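Residue numbers (our numbering), protein chains in the order written: chain A, 35 to 788; chain B, 35 to 788.
Beta carbons: idealized from backbone N, C-alpha and C, even for Gly.
Since we're looking at a predicted model, the values are computed, not measured.
Rendered as C-alpha cells:
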C-alpha cells in the first residue's frame with residue numbers, strides 16, 4: 035500500500051492558489067443548462083469538482099439520464115447523477131420532494147417554472163404547490179431550501195423507491211428508513227443494474243431539518259402509515275414524510291448527508307455544511323470551481339464563446355468522482371475514483387485536459403485505476419456504483435495510463451499499471467465480454483484481429499492496436515524491452531483488418547470485418563457506412579470513420595491509404611461527403627459535418643490529422659466550422675451526449691488552439707479562438723497564448739512564436755506548454771504557408787517501420 | 035417471475051408432520067462436536083435447519099474454518115459460519131464476547147472448559163473470567179446468556195472488526211456502530227474475499243439486552259471512547275461495550291437479530307425470539323430438527339452408529355442456507371438459497387439426500403440456482419456472502435438440476451434451468467475461470483477436451499462429460515431432441531483424455547493430460563498418482579482415481595478398461611494398493627483405504643461401482659470397512675472436511691444401505707447397517723427397511739425383497755423408495771450370489787453406444 039503524499043500537493047496547491055488569487059468570478063460564465071436539453075444529458079444541478087453528491091431535479095417519469103427533462107414535471111430532487119451519459123440511466127437516488135396538503139404517494143410531481151442553474155445553486159418553482167426550491171451541495175452533502183405558501187400542511191418527503199430508469203434500466207432492490215426525531219431521518223435505498231449492468235449498490239443518507247415537524251410518517255409499498263417511524267427492508271420501497279406548519283415561518287431547510295458506507299458516515303458527511311445558510315455551500319462551490327476555472331483566463335469580445343468555454347471546462351471536472359473515503363468494496367489508503375463513464379469517451383480529451391491542468395488529480399485517477407485492478411480483477415472502461423462495466427470497444431484505460439505517463443505525472447505505481455495493462459491484453463474477460471478487459475481477445479492474440487465470430491471486431495481491433503501502443507509506450511519508459519517489442523508489433527494489428535479491395539468514392543482500402551478463417555466479410559448489405567452498437571462490427575462508427583483511427587501511426591496509415599495526396603483527399607472528402615448510409619444507424623445524423631459526426635467520440639481526433647500531412651489550415655477550417663456550427667450557449671448547445679465532459683473537453687482544447695493525441699506527448703495545433711488565454715498550471719508556471727486578429731473570419735494561423743521564437747511545426751510537446759512561456763499566433767482570413775513544411779508529428783513507424 | 039406456491043407445501047408439511055407426530059426426541063443422538071476436530075471443520079454451534087444464523091464460538095486467532103478450535107482460547111461468539119468448509123475461511127461476523135474488569139480491546143480471549151454442544155444449545159465456561167455462556171438461535175437471530183461472577187464490571191461487547199481469516203483470507207472493509215439506549219445497539223460489519231474471492235458483503239445486526247447497562251462506550255481502530263455512542267465507517271474497525279453490575283442479578287441476556295439487508299431488518303429478525311427464556315429458541319430448534327430427523331427412525335443396538343447417523347443427517351440440513359427475504363442483491367419472489375459450499379462436494383450425496391427426504395426444499399434450491407443464473411450471469415458451483423465462486427472443476431450445478439429432475443421434483447422452471455446449463459456449456463466464464471461456469475471451455479468445445487493449456491484439464495474434462503450427460507438428461511425430458519443429441523455426444527468427451535498407453539500395476543489405459551495439439555503430456559515426473567489443487571491437471575484427485583469417474587457410462591468405461599474382469603480387478607486393486615505417489619499432494623493421506631481417500635469427494639461413488647459388474651458384495655465389504663474405520667462418534671470422527679455435510683451424507687446413505695448415482699434415477703445398494711429403518715417421505719409414504727442379522731460381521735446381503743417380492747438386482751429406482759413399501763434384507767457373514775446375475779444399473783451406452 036502506498037502512502038498518499040499530501041504535503042507536496044498542498045504546497046503546490048498553496049503556491050498555485052496564491053498565484054491565482056484573483057477576485058474575478060469565472061463561475062458567472064458557467065451555465066449548467068448548456069447541453070441539458072437536445073440529447074446532451076448535461077446535469078444541470080449542483081455539484082463540487084469531482085463531487086460525489088450531484089443534487090438536482092429528476093423529471094417526468096425519471097427517464098432522462100441526468101434526471102432533467104425540460105418542460106415536463108419535476109418529480110423531486112435526488113442526490114446522485116451522472117453528467118452527460120447516454121445509454122441506460124444510472125443513479126437518481128435518495129429523492130426529496132415537497133408538496134402541500136394531504137400526502138399523495140402516487141402522483142406528487144409538479145410542473146415547474148423559474149428554473150435557474152448556476153455553479154453551486156439550483157433554483158426552481160414548483161407551480162402545482164407554489165413552492166420555491168433552492169439547492170446547493172458540498173462534496174458529500176446536499177442542502178435543500180423549500181419556501182412554502184402559508185399552509186398548515188407543508189410536506190417534505192423522501193422517496194427511497196425512486197431512481198432513474200429507462201432502457202437497460204436500473205432495478206429496485208430494497209430500502210429502509212428510520213425517523214430519529216421530528217427533525218432527523220436516516221435510511222438507505224438499494225438499486226442494481228443500469229447501463230453498466232452493476233450488482234446492487236446502496237446509497238445511505240442522514241437528513242436534518244431546521245424546523246420541527248408537526249406530524250410525520252412513513253410508507254412501505256405505497257401504503258402510508260402516519261406516526262410510524264421505521265420501515266424495514268423486505269426488498270420493499272419505502273419513504274417518509276415530515277409535515278410542517280408554514281403559516282408563520284415559510285422556509286424549511288434540510289441538509290442531507292450521503293454515503294456509500296453507512297448511515298453514520300452519511301451523518302458525518304452532513305457535517306460538511308455547518309450552518310443553515312445556503313450561501314455557505316453555494317460560496318464553497320463557487321470558490322472550489324473558481325480554483326479550477328481561474329487556471330484559464332481568457333480574453334475575448336465574444337461573450338458567448340466565453341460562456342461555452344467555461345461551461346465546457348466546468349463539465350470536464352464534474353467526473354470522475356473522488357470517492358476516497360467512500361469505498362464500500364475494500365479498504366485502501368490509495369485514492370479511489372469512480373463514475374468513469376466511460377473512458378472510451380473521456381480518454382481522448384477529458385483526461386488529457388485534467389492531466390494538463392490538474393496532474394495531481396490525474397495521477398490519483400490513474401492510481402485509482404491500478405487500485406481497482408488490484409482489488410477488482412481489471413481496470414475499468416466504465417465504472418459507476420462501485421462496479422466496473424461496460425467496455426465499449428478497446429481497453430482504453432490503457433490510454434489513460436500512457437497519457438499520464440508521457441506527461442510526467444507522479445505518484446502512480448507504474449509497474450503495477452503495466453501489469454494491469456498486460457492483463458487487459460492477455461486474459462479474456464469472459465461471459466459477455468462487456469464488463470472489462472478485451473472481448474474477442476482469443477482471436478486477437480491468435481490470428482491478429484478480432485474476427486466476425488465476436489461482436490465489434492473492427493472497432494476492437496483498431497482500438498486494441500492503439501491500446502497496444504500505449505502498453506509499448508509505458509514498457510519502453512520502464513525499460514522493459516521484451517514487453518515493448520511484443521506490443522509495438524501488436525500495435526500494427528489494425529493492418530490485419532485493412533481490406534485493400536474495398537473502394538468508396540474513389541478511395542481504396544478500408545477497415546473491414548474479417549472471418550476467423552482469414553476471408554473477408556462478404557455481405558452485399560454491409561457497406562463502408564454500416565454502423566451499429568454493441569452487436570455490430572463497427573461500434574458507434576463506420577468504416578469510413580474508423581479507417582482514420584490509427585492515432586499512433588498516422589504515417590503508416592498514410593502509406594496504406596496510398597500516400598500523402600490520397601490521404602489528404604480522403605480527409606477532405608470525409609468532411610464534405612453527405613452520409614449515404616442508413617441514417618438511423620447513426621446516433622446524431624443531423625449533427626454531421628460531412629461524414630464527421632462530432633456528436634460522437636470516434637472522430638474526435640480526425641479533424642487534427644491534417645497536421646500529419648502538413649496542412650494545418652485545413653484542421654483550422656474544420657475545427658472552427660464545428661465549433662461555430664455544432665456548439666452554442668443554448669440548452670441544446672452540446673452536439674451529442676456530453677459523455678462526462680467529452681464534448682466539453684473537445685471544445686475547450688480546440689478553442690485554446692490545440693488538441694491532444696491521447697497517450698502521446700503530442701498536442702496538434704488547430705486555431706486559437708481567444709485574443710488572449712493565460713493558462714496557469716499546478717507547477718505555478720503560466721503559458722500565455724495570444725492570437726492577434728483572431729475572429730470568426732480570421733481563423734487561419736499566419737505565424738506562430740513559441741517563447742519568442744518562430745515555431746514552424748503545427749504541434750507541441752507537453753513540456754512546451756506546461757512549463758509556461760508564451761505562444762503568439764497571428765491570425766488571418768486566408769490559409770497561409772505556416773508549418774506546411776515543418777517537422778511532422780511523430781508516428782510509430784518513424785522509429786519502428788513495418 | 036414465478037409465484038412461490040406456499041399452500042400445497044404447507045398442506046404437505048401438515049400431513050407429513052401429523053404422520054410423524056412422535057414424542058421421540060432424535061436430537062439427543064446428535065452430537066455437533068463430531069467432526070469439529072481433526073480437520074472435519076464441523077460447526078459445533080447452534081443453528082436451525084437451513085438457518086442463516088449459525089451462532090458459535092470462534093477460537094484462537096480466528097483461523098479455523100468453522101471458528102472452533104479445541105484446546106485454544108475462545109475469542110467470542112459470532113453469528114455467521116459455514117459447516118465443514120476447507121480452504122480459506124468465510125464469515126465469523128458480528129462477534130459478541132463477555133469479560134470482567136476493565137475493557138481490554140487487545141487481549142480479551144479466554145481459555146475455556148465445560149464446552150457442551152447439543153441441538154439448539156451451546157454452552158461453555160470462560161475460565162479467565164469465570165463466565166458461563168449459553169447460546170441458542172432461530173433462523174435469523176441469536177440468543178446469548180452470560181452468567182457472570184459477582185462484579186461491578188461485567189462487560190458484554192460486540193467487536194465488528196473480527197471475522198474468520200486464514201489462508202485465502204477474508205479482508206476487513208468497514209464497520210459502523212450505534213448505541214440506541216442502555217439496552218440497544220445496532221450496526222454492521224463489512225468484509226470481503228475468503229475462499230470464494232467475494233466482493234464485500236455487509237452483515238447488519240440489532241441487539242437488545244435484558245438488563246440496563248451501568249456504563250457503555252464504543253471504540254474505533256482500537257481506541258476506546260467511554261460514553262461515545264456512535265462510530266462511523268472510514269473503512270475502520272469499531273465495536274461497543276455494555277458494562278453491567280452483576281453483584282445481585284448475575285445473568286445478562288442479549289438477543290441479536292442479524293440481516294444482510296439493513297439494521298431495521300435485523301431488528302425485525304430479532305422478533306423471532308419473543309421471550310427472554312433461552313428455552314424458547316432451544317425448543318424451537320429441537321422441534322425443527324426433529325421434524326427432519328424423525329423422517330428416519332432407525333433401530334439398532336449399536337448406539338454409536340445411531341449417534342453418528344443422526345449427527346450426519348443433522349449436518350446435511352445445515353446448508354445450503356435459506357436466505358429468502360435476505361437477498362441484498364436483487365428483488366425476487368423466488369426462493370433464494372446461499373452457502374452452497376461447494377456443489378462440487380454436495381451434488382454427490384448431500385443434495386440427493388435432500389431431494390429424497392425434502393423434495394420441496396430440494397426444488398427450491400434448484401429454482402434458487404436458476405434465479406441466481408437469471409440475475410447473476412451463471413449458476414454457481416460455490417456461493418457464499420451472496421457471491422458466486424469458486425468452481426472446483428465441472429459445472430456440477432448441472433448435476434443438481436438433473437438430480438432434481440429425474441426425481442420428479444416440482445416447481446422448478448426447467449426451461450430456464452436448461453438455459454442455465456447450456457450457458458455453462460457454451461459461454462467461457464473468463465478471467466481466472468474459477469468463478470463459475472466452465473474453465474477451458476474454448477478447448478473443450480473445439481478439440482473435445484481441456485488441454486494442458488488450462489488448469490485442471492483432466493478433472494474438468496471428466497466432470498464436464500458427466501455434466502453434459504446431465505444436460506442431455508434434462509433436454510431429453512423436455513423433448514429437446516437436438517440439444518439432447520448434441521450433449522449426449524459431448525458426454526463421451528472423457529474418452530479424448532483416455533490414454534491407452536499409460537500402464538500402472540498391470541492395468542492399461544488411464545486419464546491423462548493432453549496438449550492442445552493432440553499429443554499426450556510427456557513428463558517423467560508426472561505419474562498416475564500425481565495430484566494437486568487448482569493449478570494441477572488433477573484437482574484433488576489423481577489419474578488412478580479419476581479414471582473411474584464416468585458415472586453416466588460405466589458400461590463404456592468397463593470396455594475402455596479391457597472388459598468386466600479387468601475392470602473388477604482394477605477396482606479390487608484400487609481398494610488395496612498402497613498409495614505410492616507423493617503423499618503430501620493428497621489432502622488426507624492417512625485416511626486412505628487402498629487408493630481411496632474417502633476423506634475427499636472424487637472417490638465417493640467408486641465403492642458402489644461393483645454394482646455395474648454384478649459384484650455387490652465387494653461394495654458391501656468396502657463400504658462397511660470405510661464406515662467402520664473412517665467414521666466415529668469422536669470429535670475427529672469425520673474422515674475429511676465435512677464439506678457442508680458431504681461426509682455426513684455419504685455415511686447416512688450407506689448406513690441405510692444404498693447410495694445415489696447423482697443426476698440419475700439410480701440408487702446402488704451397499705449394505706444396510708440398521709436392524710430396521712423407517713423412512714417417512716414428504717408425500718406421506720413410508721419405506722421400511724429391515725436387515726435381518728445385520729451386524730459388524732454380517733455385512734453381506736444374502737437376499738432382498740422389495741415389497742415382498744425377491745429383488746434380484748443391486749440397485750433401485752427413486753420411485754421404488756419414495757413411494758413407500760418394504761425392503762427386506764437378510765444379511766450374512768459371507769458373500770452370497772445375490773444379484774450377481776441380475777439386471778445391471780443403466781449406463782449411457784445402453785441406449786447410445788459410441
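Linking residue 388(B) to residue 527(A) through their CA atoms gives a straight-line distance of about 55 Å. Going by beta carbons, residue 691(B) and residue 725(B) fall inside the 8 Å limit. Contact residues of the stretch 342-361 of chain A toward chain B are 359, 361 (C-beta to C-beta distance below 9 Å). For residue 477(A), no chain B residue has a Cβ inside 8 Å of its Cβ, as the nearest lies near 11 Å away. Cβ proximity to chain B below 9 Å picks out 205, 206, 207, 208, 209, 210 from the stretch 189-210 of chain A. Taking 8 Å as the threshold, the shortest C-beta distance from residue 226(A) to chain B falls below it. Per the coordinates, the alpha-carbon of residue 551(A) lies some 11 Å from the alpha-carbon of residue 484(A).
For residue 751(B), the secondary structure class from DSSP, reduced to helix, strand or coil, is coil. For residue 612(A), the secondary structure class from DSSP, reduced to helix, strand or coil, is coil. A distance of 8 Å or more separates the beta carbons of residue 350(A) and residue 276(A).
In chain order, 528, 580, 583 place their CB closer than 6 Å to the CB of residue 496(B), counting only its own chain and leaving out the 5 sequence neighbours on each side.
Nearest CB-CB separation between residue 464(A) and chain B: below the 8 Å threshold.
From the listed residues 271(B), 244(B), 437(B), 213(B), the smallest Cα separation to residue 697(B) is found for 437(B).
In this structure, residue 611(B) lies near residue 629(B), with their beta-carbon atoms less than 8 Å apart.
Think of a sphere of 8 Å around the beta carbon of residue 363(B): the chain A residues whose beta carbon falls inside it are 207, 226, 233, 234, in chain order.
In terms of Cβ geometry, residue 99(B) and residue 116(B) form a close pair [threshold 8 Å]. Considering only 604(A), 122(A), 266(A), the residue with the shortest C-alpha distance to residue 202(A) is 122(A).
The C-alpha of residue 647(A) lies about 39 Å from the C-alpha of residue 325(A).
The distance from the Cβ of residue 354(A) to that of residue 373(A) is about 5 Å, consistent with a contact at the 8 Å cut-off. Counting of Cβ neighbours within 10 angstroms places residue 539(B) among the exposed residues, the total staying below 16. Within the stretch 706-770 of chain B, the beta strand (DSSP E) runs of at least 3 residues that lie entirely inside it are, in chain order, 710-714, 720-726, 734-740, 759-766. In the structure shown, residue 475(B) adopts helical secondary structure according to DSSP, grouped into three states. Beta-bridge partners of residue 189(B) (DSSP): 133(B), 277(B). For residue 468(B), no CB of chain A lies under 8 Å from its own CB, so it is not counted at the interface with that chain. According to DSSP, residue 692(A) shares a beta bridge with 703(A).
When the Cα atoms are used, residue 520(B) and residue 781(B) turn out to be separated by approximately 18 Å. A Cβ of chain A is located within less than 8 Å of the beta carbon of residue 268(B). Per DSSP, reduced to three states, the secondary structure at residue 60(A) is helical.
By the rule that beta-carbons nearer than 8 Å mark a contact, residue 608(A) does not touch chain B.
Comparing alpha carbon positions, the residue from 260(A), 559(A), 394(A) closest to residue 439(A) is 394(A). When beta bridges are read from the DSSP output, residue 556(B) appears opposite no residue. For residue 664(B), not one C-beta of chain A is nearer than 8 Å to its own C-beta.
Pairing residue 69(A) with residue 118(A) gives a Cβ-Cβ distance under 8 Å. For residue 298(A), the closest Cβ of chain B is nearer than 8 Å.
With fewer than 16 neighbouring CB atoms inside 10 Å of its own CB, residue 617(A) falls in the exposed class. The beta carbon of residue 591(A) sits closer than 6 Å to those of 584, all from its chain and outside the five residues before and after it, given in chain order.
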